[in-house]
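Asks: Below: one structure in structure tokens.
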Amino acid sequence: MWPLSSVLMVEPLPVIEGNGVYLRVPQMKDFGPWRDLREQSRAFLTPWEPLWPEDDLSRGAFRRRLRRYTRDMVTDEAYPLFVFRSVDHVLLGGLTLSNVRRGVCQAASLGYWMGAPHAGKGYMKAAVNALLPVAYDTLHLRRIEAACMPSNEPSIHLLEACGFVREGYSREYLCINGVWEDHILFARLRNDGAVTERTRRGGVRREAARPAVP
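Residue numbers for the sequence shown follow our numbering, so the first one is 3 and each next one is one higher.
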């Protein structure tokens, strides 16, 4: 795992390079672009996400979010990342490896969101493919799980394109937009085929460290 207890404050942060995108840990400087993209994408995202708190897009809520992210990474419980376009550093969306389980499990759950203006252009596929080698080789996970609603065909296609395998169907699995929704369950194991050369085009670059919460 990344030694985040020391990295977050005094060492360069790892940045994951992908095919036309890069991923990094959210920072306070991302608040404005994040708020604007989420607001612009509210109608697009609402059918697929839990209900948003009333103050969800406020600066204070974002600061609290970063504090939670920091705790989760230091305790090896979750790894949130924002996705940026490489050519112009525009924020595109985000993804998270959450519910990390160690011991005899070595698994985590993958979740993601993409801003409405950037959906359907292959950015999230590139982001997931860039994350997989890090999940397996750096975080030492064996199993990455994901779930999506049966009506979410773009997400189903994304997961299958990234090598995830359908494993089951769970009734009323998550409360989405205030309704308990059924979900299709997917997983990708470390040995589910070799990570492709396209996946491995990226790598990890280093960026000057800034505190997650000033």
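No residue lacks a Cβ here, since even glycine has one placed at the ideal position from N, Cα and C.
Computed from a prediction, not measured in an experiment: that's the story for all the values here.
(1) Assign L93 to one of three DSSP states: helix, strand, or coil.
(2) With distances taken from CA atoms, which of P152, G113 and R70 is nearest L133?
(3) As a quick exercise: from M116, P156, L25 and G105, pick the residue whose alpha carbon is nearest that of L143.
(4) If you count every other CB in all the chains shown that lies within 10 Å of the CB of A2, and 16 or more means buried, which is it?
(5) Do you know how far the Cα of E56 is from the Cα of I146?
(6) Which of the three DSSP states, helix, strand or coil, is assigned to T77?
(7) Rounded C-beta distance between N131 and N21? I'm assuming under 8 Å.
(8) Give me the Cα-Cα distance between A121 and G95, rounded to the nearest whole angstrom.
(9) Which same chain residues end up closer than 8 Å to E183 when comparing Cβ atoms and leaving out the 5 residues on each side of it in sequence?
(10) Beta carbon of S224, beta carbon of V23: below 7 Å?
(11) Out of R190, L160, A149 and H185, which one is the CA nearest neighbour of V167?
(12) Below 7 Å between beta carbons: does that hold for G117 and L25?
(13) Compare the beta carbon distance of L97 and L83 with 7 Å and say whether it is the shorter of the two.
(14) I need the DSSP call for V106, collapsed to helix, strand or coil.
(15) Could you give the residue range of the beta strand (DSSP E) that holds S172?
(16) If you measure between the beta carbons of F64 and F86, is that distance less than 7 Å?
Replies: Taking the structure as given:
(1) strand
(2) G113
(3) G105
(4) Nothing in the structure corresponds to residue 2, since the chain is present only between 3 and 216.
(5) 32 Å
(6) coil
(7) 7 Å
(8) 9 Å
(9) M151, E174, Y175, L176 and C177
(10) Nothing about residue 224 can be read from this structure; the chain reaches only from 3 to 216.
(11) R190
(12) no
(13) yes
(14) coil
(15) V167 to I178
(16) no
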